[in-house]
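Here is the structure we will look at.
Protein chains: 2
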Amino acid sequence: MGREDHRRVAIPPPQPFVKSLENTLKEIFFPDDPLRQFKNQPPRRKFILALQYLFPIIEWGPKYSLNFFKSDLIAGITIASLAIPQGISYAKLANLPPILGLYSSFVPPLIYAVFGSSKDLAVGTVAVGSLLTASMIGNVVNANENPKLYLHLAFTATFFTGLFEAALGIFRLGFIVDFLSHATIVGFMGGAATVVSLQQLKGILGLDHFTSATDVVSVMRSVFSQRHKWRWESAVLGSGFLFYLLLSRYFSKKKPKLFWISAMAPLTSVVLGSLLVYLTHAEKHGIQVIGYLRKGINPLSIMDLEFGSAYLTTAIKTGIVTGLIALAEGIAVGRSFAMYKNYNIDGNKEMIAFGMMNIAGSCTSCYLTSGPFSRSAVNFNAGCKTAVSNIVMAIAVMITLLLLTPLFHYTPLVVLSSIIIAAMLGLIDYEAAIHLWHIDKFDFLVCMSAYIGVVFTNIEIGLILAVGISLLRVLLFVARPRTLVLGNIPGSEIYRNVDQYPNTNNVPGVLVLEIDAPIYFANASYLRERISRWIDDQEDRLKSSGETSLQYVILDMSAVGNIDTSGIGMLEEIKKILDRRELKLALANPGAEVMKKMNKSKFIEKIGQEWIFLTVEEAVGACNFMLHTYKPKTATDESEMNSNNV
Amino acid sequence: MGREDHRRVAIPPPQPFVKSLENTLKEIFFPDDPLRQFKNQPPRRKFILALQYLFPIIEWGPKYSLNFFKSDLIAGITIASLAIPQGISYAKLANLPPILGLYSSFVPPLIYAVFGSSKDLAVGTVAVGSLLTASMIGNVVNANENPKLYLHLAFTATFFTGLFEAALGIFRLGFIVDFLSHATIVGFMGGAATVVSLQQLKGILGLDHFTSATDVVSVMRSVFSQRHKWRWESAVLGSGFLFYLLLSRYFSKKKPKLFWISAMAPLTSVVLGSLLVYLTHAEKHGIQVIGYLRKGINPLSIMDLEFGSAYLTTAIKTGIVTGLIALAEGIAVGRSFAMYKNYNIDGNKEMIAFGMMNIAGSCTSCYLTSGPFSRSAVNFNAGCKTAVSNIVMAIAVMITLLLLTPLFHYTPLVVLSSIIIAAMLGLIDYEAAIHLWHIDKFDFLVCMSAYIGVVFTNIEIGLILAVGISLLRVLLFVARPRTLVLGNIPGSEIYRNVDQYPNTNNVPGVLVLEIDAPIYFANASYLRERISRWIDDQEDRLKSSGETSLQYVILDMSAVGNIDTSGIGMLEEIKKILDRRELKLALANPGAEVMKKMNKSKFIEKIGQEWIFLTVEEAVGACNFMLHTYKPKTATDESEMNSNNV
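Just so you know, the protein sequences line up as chains A and B, in that order. As numbered in the numbering used here, residues 1 to 646 make up the first sequence, in order. As numbered in the numbering used here, residues 1001 to 1646 make up the second sequence, in order.
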């Protein structure tokens, strides 16, 4: 193949700076192009579309039918039966008055029904968020000594959760949640579930005092140092209900049609436990009960937000951390079910919905709410069709608040502990961890760091550890890109990695290297050293085997997505190093960004446009042509060749 | 082209976990393979090589010749003439006794000559490091009120600098320095130089009191609030010397042969200035002078290291920050000159050398030293051959310390300020900043954030800002990878990006997309949405133009270097989305890592091995074959086709 006829690698047409900035920003913040549907529409239609965009209920509401309502009614009642006992349990977990659990299942689901775009999400409080609230606010204010301040800080934190979530959505920063990888969430949730379950030993064993630390060592020390205070009555009752709850779950899993057994089990436990205590007066024999619950729906709490408090920073921090976790769970849950039912969820819109419901919640005596997996799964299995099931649940909870709260007076705390443990055991997804180990060891490492961090230190450290290690992986990918030697696949003109395709052939006198990442400041030095080492290795090998000595180095740039000034500097250095060694450098298939920057920095002139090829094949062809035509290579040939091509 | 004959994409042979971990760790920590030369050597030779590795002086020492010495002698004396006034000036900048500047040009160069591998680096104190020391330690201890503690903390910080640098080298973590990109350093150095120059207004205007803050607003306020105290004598003298220094630099730049004019100018200024003061008794008319300097070489300071101090954390923090900056400058300088002279510098070895010289320095009354650019450039221009020029400089400084210190008694401080300003103006590399703007806007942004951060807030914040933005770029590259539509280049079987090659042709019924980055948790959601959007766009386009409707989507995986479990999950979702839309998914050229993980996660079985192709060309060929053979597509055809190929 001659050298003159090779196709030129195109330099993309220059783009004005503002235009290119606009494109970049659009890809970062509007990758889903939300304004797409507004294009070429009359103003009236645009207005309706905008309303539908902001309030999805306007979109699906008019199409709502009686058949849908039948399904939603059943689903709503089912999740209400789960929401009431879980709400009370999780509020206890957050060291908040139990009634808050009910309040939080009333207002937020109504708000979500208006703003939310998921048809399957069931809104409610979450165990991990509750525990985080307890541990972060509990760090600065003791819930027993100063319950009022603690309560107000919980509202304030919820307000900031809402503000933070809505802001992420409005400013299209939803992708921050993507940095909590699946592996991180599996490990983090498993660790949190372990920690929460261990904390329930307090309830199961009927202990009064307990450590506020969440790590396994403190908890175990607290449990075993109080051995003389263990209450066997409590333990027997707790174990019994736990056994019942797990058994019902086991059957539901075996036959998905029987999901309602598992869904109803918590409420059944509460009813049975309360009856038992009422009939046997067990509350006087060491069984602690919930006690008095105020009748009536949510009181306003907007005046309780403590913006002037000395603990404002704690509230903000708690709000942001719990908000992030709540979003990660809620959005993942929403997306999974949307995937099943073949509809789309807009992450940023969901964040605004979550934010609205938490802001509204913080003003109406609710604390942190999200879309818990367990409740949403029950909703889905019960056949919900739209967010109306959330409205049904809210109404059911409202009726409970107005009329039925006295019934919970005798509910034993130990039953709540059993309900929490049963829910938590389902979150420890050891199968997912094994799956990670099989597919990707690094993901397993991330998952285990999150788990161990949460279990042995505390929830925040576990989370930071896992996110840190995940980011380290991304940085390491860029800092230590792979450089691959390519060889010719026999009987073709294709060049591929010799490790992946062991039967490839070397091209005599030519080293083909593929660089597998963008060339940035973080890897420029590394690449320079690594490429030099490849050349050394190759020359050693050729010398010892007596083959044609190395004359050309081809860098396959197909996988180099971008390059910065340090990267251009590195290429210039490589060029110098090769010149000194009397080797020729050729580039194959540099992309648009790379060509643009090599052009601006005049590197194309330095290397020579004729040494940049469209494919590795053409580059090898040109090198072979040169090798056979101008052998042995002399300075004259070289200059003559250059003059031919310029 | 038939479908059955296509070449299979290879799954790399499985590798034991330990082996693959070993390879990964080797690439991270030993990319330069430092043990390479030890292979296949007798034990005696290995021992000598190891000694030479640890003490490079053993390697070049025996080959040292008289000719080399002549060159090194001249270079050494030249840099000593620069080192003495600069040393005194920078020590004043660090709020330390001026004599420390001389001490620091005596011991550290000797240590570097033994451990260092650069032939051109001239060791000494650095302006930015001095300023950082003053600002970080000055934050907790006032140098005027408690000079002894301040001095001891400076030694302690230097000790930790050394420890940190040596540890980075020993644990092969030198790549951390790579995260300070060229753009960061340009901006940071420029900002620091601006700040340092402005601080010199104190000396130039002969002010007694001055702000310890470094930001431009505080400095300007401090200058202009004391307008009545400005000393015109001082200002005239300072401006005169500054003019002289800049003029001499200008001539040296025009004629590189005249480098010695610029190199000698600071010493000449000091001599002239001192004479002037001595003869006119200007010290009694508002010109401040250095005053008494103790005779004799470095006293030991090992007992002054304050490991028990309450300010230990400040010392450690100062040590680490200044160490990092000193390393970044020193190693960049060493590498640049090595590149000129065609020899290699091992970053990790250099770090150990820098660490040793700072540890030794901290025990012998020296503070932070590195390889300043200005001094090394003079060394290089003066024709140095080896590190012996550092030894010559050290001896010259020693003679000064033993005999000549009284001569500096009358040196006016204003001359030192002029020397500092002249040196700093050379560090403001506005041409580099313009270059960054032309080539890479993002690098320019990084550079400007560093500059503005340093000038308007403080040095540490500027640095953190720039590093943060640099890392953000790397994360953004992974979080928002580009997806490119490929088209066929006419008259070839090559498929390339349609934006870069506008004359490419679409393949009817087929969408070819290239993914430009590893598929990780951070971009999995984005890619899912972006790919869906490409398909929507394409279908809209085809519908409106009445072409063949879309039937196949080919993902070109050439540039996907790696994939994690979230990425596999994303591919599975894409497969489901395409199935629902009755589109077929094909993959082209997945790499070794990707194939390995798709195999382990059984994704290959889900998509079908026959839908994974070696090249885009083969994938398109197969799709075309199917389109023409099985048109119109029915369910029967589909299943028949599958049974043919499994």
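We treat Cβ as the ideally placed atom computed from N, Cα and C, and that holds for glycine.
For residue 611 of chain A, count the other beta carbons within 10 Å of its own beta carbon; 16 or more makes it buried, fewer makes it exposed. Which is it?
Taking the first residue of the first sequence as 1, we reach residue 611 of chain A at position 611. Residue 611 of chain A comes out buried.
At the 8 Å Cβ level, is residue 1561 of chain B part of the contact set with chain A, yes or no?
Against the second sequence, residue 1561 of chain B aligns to sequence position 561. Residue 1561 of chain B counts as touching chain A.
List the residues of chain B that residue 175 of chain A touches, going by C-beta distances under 7 Å, in chain order.
One-based indexing of the first sequence puts residue 175 of chain A at position 175. Going along chain B in sequence order, the residues near residue 175 of chain A (Cβ under 7 Å) are 1479, 1526.
Uninterrupted beta strand (DSSP E) stretches inside the region 1457 to 1540 of chain B (no shorter than 3 residues)
Every unbroken stretch of the beta strand (DSSP E) spanning 3 or more residues and falling wholly within the region 1457 to 1540 of chain B is given here in chain order: 1483 to 1488, 1495 to 1497, 1510 to 1515.
Which residues in chain B sit within 8 Å of residue 501 of chain A, going by Cβ to Cβ distance?
Here the question's residue 501 of chain A lines up with position 501 in the first sequence. Residues of chain B whose Cβ lies closer than 8 Å to the Cβ of residue 501 of chain A are, in chain order, 1010.
Check the Cβ of residue 1317 of chain B against every Cβ in chain A and list those closer than 7 Å, keeping chain order.
Numbered from its first residue, the second sequence carries residue 1317 of chain B at position 317. None at all; the shortest Cβ gap to chain A is about 20 Å.
In the DSSP output, what is residue 1378 of chain B paired with across the bridge?
On the second sequence, position 378 is the one that residue 1378 of chain B refers to. The partner list for residue 1378 of chain B (beta bridge, DSSP) is empty, contrary to what the question assumes.
Looking at residue 1304 of chain B: is its Cβ nearer than 8 Å to the Cβ of residue 1152 of chain B?
Sequence index remark: in the second sequence, residue 1304 of chain B carries index 304 (1-based). Sequence index remark: in the second sequence, residue 1152 of chain B carries index 152 (1-based). With respect to the 8 Å criterion, residue 1304 of chain B and residue 1152 of chain B are classified as neighbours on the basis of their beta carbons.
Who are the near neighbours of residue 226 of chain A in its chain, counting only those whose CB is closer than 7 Å to its CB and skipping five residues on each side?
For the purposes of this step, residue 226 of chain A is identified with residue 226 of the first sequence, where counting begins at 1. Cβ within range, chain order: 207.
Taking DSSP as the reference, what is the three-state secondary structure of residue 121 of chain A?
The residue labelled residue 121 of chain A in the question sits at position 121 within the first sequence. Looking at residue 121 of chain A - three-state DSSP - the assignment turns out to be coil, as it is neither helix nor strand.
Would you check if the region 1143 to 1162 of chain B and the region 1345 to 1361 of chain B touch, i.e. whether three or more CB-CB distances between them fall below 8 Å?
Yes: the two stretches touch, three or more of their Cβ pairs being nearer than 8 Å.
With distances taken between CB atoms, is the gap from residue 374 of chain A to residue 326 of chain A smaller than 8 Å?
In the first sequence, counting from the first residue as 1, residue 374 of chain A sits at position 374. In the first sequence, counting from the first residue as 1, residue 326 of chain A sits at position 326. No; because the gap between Cβ atoms is not below 8 Å, this pair is not in contact.
Comparing the C-beta of residue 1341 of chain B with each C-beta of chain A, is any distance below 8 Å?
Within the second sequence, numbered from 1, the residue matching residue 1341 of chain B stands at position 341. So, not an interface residue.
Rounded to whole angstroms, what's the CA-CA distance from residue 1105 of chain B to residue 1068 of chain B? Just pull it up for me.
Here the question's residue 1105 of chain B lines up with position 105 in the second sequence. Here the question's residue 1068 of chain B lines up with position 68 in the second sequence. Rounded to the nearest angstrom, the two C-alpha atoms are 22 Å apart.
Using only CA atoms, which one of B/1508, B/1567, B/1547 lies nearest to residue 1515 of chain B?
On the second sequence, residue 1515 of chain B is found 515 positions in, with the first residue counted as 1. Selected option, being the one with the closest Cα: B/1567.
To which residues of the same chain is residue 1615 of chain B closer than 7 Å at the C-beta, ignoring the five residues directly before and after it?
Position 615 of the second sequence, counted from the start, is the residue given in the question as residue 1615 of chain B. 1588, 1589.
Leaving out five residues on either side along the sequence, give the residues of the same chain with a beta carbon under 7 Å from the beta carbon of residue 129 of chain A.
Taking the first residue of the first sequence as 1, we reach residue 129 of chain A at position 129. Taking residue 129 of chain A as the centre and dropping the five residues before and after it, the same chain places the C-beta of 322, 325, 326, 368, 370 closer than 7 Å to its C-beta, in chain order.
How is residue 627 of chain A classed by DSSP in three states: helix, strand or coil?
The residue labelled residue 627 of chain A in the question sits at position 627 within the first sequence. Helix, per DSSP.
Would you call the region 400 to 409 of chain A in contact with the region 244 to 263 of chain A, where contact means no fewer than 3 C-beta pairs closer than 8 Å?
Fewer than three Cβ pairs drawn from the region 400 to 409 of chain A and the region 244 to 263 of chain A lie within less than 8 Å of each other, which leaves the two stretches out of contact.
Closest to residue 295 of chain A by C-alpha separation, out of A/228, A/512, A/98, A/212, would be which residue?
The residue labelled residue 295 of chain A in the question sits at position 295 within the first sequence. Ranking A/228, A/512, A/98, A/212 by Cα distance to residue 295 of chain A puts A/98 first.
From A/382, A/179, A/190, pick the residue whose C-alpha is nearest to that of residue 1479 of chain B; which is it?
As a first step, residue 1479 of chain B is located in the second sequence; it is residue number 479 there, counting from the start. Nearest C-alpha to residue 1479 of chain B among A/382, A/179, A/190: A/179.
Just mark residue 1549 of chain B as buried or exposed, buried being the case when its beta carbon has 16 or more other beta carbons within 10 Å.
Taking the first residue of the second sequence as 1, we reach residue 1549 of chain B at position 549. If you draw a 10 Å sphere on the C-beta of residue 1549 of chain B, you find fewer than 16 other C-beta atoms in it, and that means exposed.
CB of residue 1133 of chain B within 8 Å of CB of residue 1157 of chain B, strictly
Position 133 of the second sequence, counted from the start, is the residue given in the question as residue 1133 of chain B. Position 157 of the second sequence, counted from the start, is the residue given in the question as residue 1157 of chain B. In contact: residue 1133 of chain B and residue 1157 of chain B (Cβ atoms closer than 8 Å).
Using a Cβ distance threshold of 8 Å, determine whether the region 70 to 86 of chain A contacts the region 389 to 396 of chain A, with at least three qualifying pairs required.
With a cut-off of 8 Å, the region 389 to 396 of chain A and the region 70 to 86 of chain A count as touching, because enough Cβ pairs lie within range.
How many Å lie between residue 1045 of chain B and residue 174 of chain A at the Cα?
Numbered from its first residue, the second sequence carries residue 1045 of chain B at position 45. Numbered from its first residue, the first sequence carries residue 174 of chain A at position 174. Their Cα atoms are separated by approximately 60 Å.
Under the three-state reduction of DSSP, which class applies to residue 588 of chain A: helix, strand or coil?
For the purposes of this step, residue 588 of chain A is identified with residue 588 of the first sequence, where counting begins at 1. In the structure shown, residue 588 of chain A sits in a strand (DSSP, three-state: E or B).
For residue 1197 of chain B, name the three-state secondary structure that DSSP assigns.
As a first step, residue 1197 of chain B is located in the second sequence; it is residue number 197 there, counting from the start. Helix.
On the CB-based measure, 16 or more other CB atoms within 10 Å of its CB, does residue 121 of chain A come out buried or exposed?
Along the first sequence, read from residue 1 onward, the residue named residue 121 of chain A stands at position 121. Under this definition residue 121 of chain A is a buried residue.
Let me make sure I understand the geometry here. Which of B/1569, B/1245, B/1047 has the alpha-carbon closest to that of residue 1421 of chain B?
Within the second sequence, numbered from 1, the residue matching residue 1421 of chain B stands at position 421. Closest by alpha carbon: B/1245.
How is residue 430 of chain A classed by DSSP in three states: helix, strand or coil?
In the first sequence, the residue the question calls residue 430 of chain A occupies position 430. Three-state result, residue 430 of chain A: helix.
Do you know whose CA, among B/1032, B/1448, B/1508, lies nearest residue 1553 of chain B's CA?
Taking the second sequence and counting its residues from 1, the one referred to as residue 1553 of chain B is at position 553. Scanning B/1032, B/1448, B/1508 for the CA closest to the CA of residue 1553 of chain B turns up B/1508.
Please report the straight-line C-alpha distance between residue 1575 of chain B and residue 1513 of chain B, rounded to a whole angstrom.
Position 575 of the second sequence, counted from the first residue, corresponds to residue 1575 of chain B. Position 513 of the second sequence, counted from the first residue, corresponds to residue 1513 of chain B. Their backbone Cα atoms lie some 14 Å apart in a straight line.
Helix, strand or coil for residue 1276 of chain B? Go by DSSP, reduced to three states.
Here residue 1276 of chain B refers to the residue found at position 276 when the second sequence is read from its first residue. Three-state DSSP puts residue 1276 of chain B in a helix.
Test: residue 350 of chain A CB closer than 8 Å to a CB of chain B:
As a first step, residue 350 of chain A must be located in the first sequence, where it is residue number 350. No - not a single Cβ of chain B is within 8 Å of the one on residue 350 of chain A.
Is it right to say residue 1564 of chain B is buried, meaning 16 or more other beta carbons lie within 10 angstroms of its own, or is it exposed?
Within the second sequence, the letter at position 564 stands for residue 1564 of chain B. Sixteen is the threshold: when 16 or more other Cβ atoms of the shown chains lie within 10 Å of the Cβ of residue 1564 of chain B, as they do, the residue is buried.
Distance, residue 1470 of chain B Cα to residue 1481 of chain B Cα
Here the question's residue 1481 of chain B lines up with position 481 in the second sequence. Here the question's residue 1470 of chain B lines up with position 470 in the second sequence. Approximately 17 Å, taken between the alpha carbons.
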